[in-house]
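Same order as they appear, the protein sequences are chains A and B.
Taken in order, the first sequence gives residues 73 to 305; the numbers are from my numbering.
Taken in order, the second sequence gives residues 65 to 144; the numbers are from my numbering.
Report on the structure given below.
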Amino acid sequence: MKSSVLVFPGINRERDMARALKLASGNETSMVWHAETALPKGTDLVVVPGGFSYGDYLRCGAIAARAPVMDAVRDFAASGGLVLGVCNGFQILCESGLLPGVLMRNAGLKFVCRDVHMKVERSDTPFTRGYNAGQVIRVPVAHGEGNYEADEETLKRLEGDGRVLYRYCSPEGVVDEASNFNGAAHSIAGIVNERGNVLGMMPHPENHVEEIMGCTDGRGLFAGLVQQFEKAA
Amino acid sequence: MKARVTVTLKSGILDPQGKAIEGALKSLGVDGVASVRQGKVFDIELAATDKAKAEAALKAAADKLLANTVIENYRVEVLS
Chain A
73 MKSSVLVFPG INRERDMARA LKLASGNETS MVWHAETALP KGTDLVVVPG
123 GFSYGDYLRC GAIAARAPVM DAVRDFAASG GLVLGVCNGF QILCESGLLP
173 GVLMRNAGLK FVCRDVHMKV ERSDTPFTRG YNAGQVIRVP VAHGEGNYEA
223 DEETLKRLEG DGRVLYRYCS PEGVVDEASN FNGAAHSIAG IVNERGNVLG
273 MMPHPENHVE EIMGCTDGRG LFAGLVQQFE KAA
Chain B
65 MKARVTVTLK SGILDPQGKA IEGALKSLGV DGVASVRQGK VFDIELAATD
115 KAKAEAALKA AADKLLANTV IENYRVEVLS
């Protein structure tokens, strides 16, 4: 699997992401500067990493979403290529129109930096095939604006089409108010676009992939993506 | 030509920052505050001298970048 990680000014999780991708795939990852107008040839997966692109000025992800490289990402997604956005990456994908809805200020107004649990809703997608449906995984979050909101119609469609792939839950897997730490609609942690090839999620699976990190629950996501391309090849 | 674009949250959209400001005003003893909604103001200088053209450019700026029309409304004013 050949991955390209986008780099915007103010992004700070790109190296964590590249490390996790290399660990899972064995391949070096291309780092792609925001001013580029094309993705490296042979890119299988585009990752929009976390951080604070452009200092979160205007709205989180708003300026990065209009960067030249995003036109190439839009074309890539339109041709069926897989795109993963994590944290600020999720915000950028929403702002760019690749995903519906918006990430608003956490309901509690506080930046939340800790481990949370989320439930894998289904395992038959490229982004979840490394897990079992219903599996509960522990992942870190670090964001002030992760409160996913969309209009009723959009939420209905997301639920109806099974496009909510990850949902905040208790360690036992119960989706409830108490575990929905940022107030997201329907406890949404991660969604895909209509075609199912673009995933945005707030938690950081790339920070739970090695024993030294204290948890390896994030591995499944990357292993699943690698499997996807092995299967295709 | 001077212009102003005002961006506000659509009604019904939760505004936790507005709520916090509202709470602070109440605790300061400012009387009669029923509710607060916060937003953004952009003061923009334009090279254009034609009012219609200026408004069109400002509208494009708001649609493309200044506002996220999923959750925000905007108002464009040419001031002088």
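Ideal Cβ placement from N, Cα and C applies to all residues, glycine included.
To the nearest angstrom, how far is the alpha carbon of residue 233(A) from that of residue 73(B)?
As a position in the first sequence, residue 233(A) is number 161, starting the count at 1. As a position in the second sequence, residue 73(B) is number 9, starting the count at 1. So the alpha carbons of these two residues sit roughly 28 Å apart.
What are the start and end residues of each continuous alpha helix (DSSP H) run of 4 or more residues lying completely inside the stretch 118 to 155 of chain A, in chain order?
Segments of the alpha helix (DSSP H) lying fully in the stretch 118 to 155 of chain A: 141 to 150.
Under three-state DSSP, which class holds residue 292(A)?
Here residue 292(A) refers to the residue found at position 220 of the first sequence. In the structure shown, residue 292(A) sits in a helix (DSSP, three-state: H, G or I).
The alpha helix (DSSP H) that contains residue 279(A), what's its start and end?
Counting from one through the first sequence, the residue named residue 279(A) turns up at place 207. Per DSSP, residue 279(A) belongs to no alpha helix (DSSP H) and is neither H nor E.
Taking only heavy atoms of the ligand PLP into account, decide whether any of them is closer than 8 Å to the Cβ of residue 139(A).
In the structure shown, the ligand PLP is absent, as is every other ligand, since no ligand is present at all.
Should residue 99(A) go down as buried or exposed, given a rule of 16 or more other Cβ atoms within 10 Å for buried?
The residue labelled residue 99(A) in the question sits at position 27 within the first sequence. The residue is exposed, with fewer than 16 neighbouring Cβ atoms inside 10 Å.
For residue 96(A), count the other beta carbons within 10 Å of its own beta carbon; 16 or more makes it buried, fewer makes it exposed. Which is it?
Counted from its first residue, the first sequence places residue 96(A) at position 24. Label assigned to residue 96(A): buried.
Which residues in chain A sit within 8 Å of residue 132(B), going by Cβ to Cβ distance?
Along the second sequence, one-based indexing puts residue 132(B) at 68. Under the 8 Å cutoff, chain A gives 131, 134, 167 and 174.
Do you know whose CA, among 221(A), 187(A), 207(A) and 240(A), lies nearest residue 214(A)'s CA?
Numbered from 1 along the first sequence, position 142 holds the residue referred to as residue 214(A). If we check each option's Cα against that of residue 214(A), 187(A) comes out closest.
Looking at chain B, is there any beta carbon in it that lies within less than 9 Å of the beta carbon of residue 177(A)?
Mapped onto the first sequence, residue 177(A) falls at position 105. Judged by the 9 Å Cβ criterion, residue 177(A) is in contact with chain B.
Quick check on the burial criterion: 16 or more other C-beta atoms within 10 angstroms. Buried or exposed for residue 193(A)?
Residue 193(A) sits at position 121 when you count from the first residue of the first sequence. When all chains shown are included, residue 193(A) counts as buried.
Quick one: residues in its chain with C-beta nearer than 6 Å to the C-beta of residue 132(A), no 5 flanking neighbours on either side, listed in chain order?
Position 60 of the first sequence holds residue 132(A). Correct list, in chain order: 163 and 217.
Please list, in chain order, the chain A residues whose beta carbon lies closer than 9 Å to that of residue 78(B).
On the second sequence, position 14 is the one that residue 78(B) refers to. Under the 9 Å cutoff, chain A gives 176, 177, 179, 219, 221 and 255.
Compare the C-beta of residue 138(A) against all C-beta atoms of chain B and say whether one is closer than 9 Å.
Within the first sequence, numbered from 1, the residue matching residue 138(A) stands at position 66. Yes, contact with chain B.
Is it buried or exposed for residue 129(A), if we count other Cβ within 10 angstroms and need 16 for buried?
Looking up residue 129(A) in the first sequence gives position 57. Residue 129(A) is exposed by the Cβ-count criterion.
Which of the three DSSP states, helix, strand or coil, is assigned to residue 232(A)?
Start at 1 with the first residue of the first sequence, and residue 232(A) comes out as number 160. It is helical.
Find out if the Cβ-Cβ distance for the pair residue 174(A), residue 132(B) is shorter than 9 Å.
Here residue 174(A) is taken as the residue at index 102 of the first sequence, counted from 1. Here residue 132(B) is taken as the residue at index 68 of the second sequence, counted from 1. In this structure, residue 132(B) lies closer than 9 Å to residue 174(A) by Cβ.
Put residue 252(A) into one of helix, strand or coil per three-state DSSP.
One-based indexing of the first sequence puts residue 252(A) at position 180. Residue 252(A): coil per DSSP, three-state reduction.
Within 10 angstroms of its Cβ, does residue 253(A) collect 16 or more other Cβ (buried), or is it exposed?
As a working mapping, residue 253(A) is identified with position 181 in the first sequence. The residue is buried, with at least 16 neighbouring Cβ atoms inside 10 Å.
So which residues on chain A does residue 129(B) lean against when the C-beta distance must stay under 8 Å?
The residue labelled residue 129(B) in the question sits at position 65 within the second sequence. Simply 130, 134, 135 and 138.
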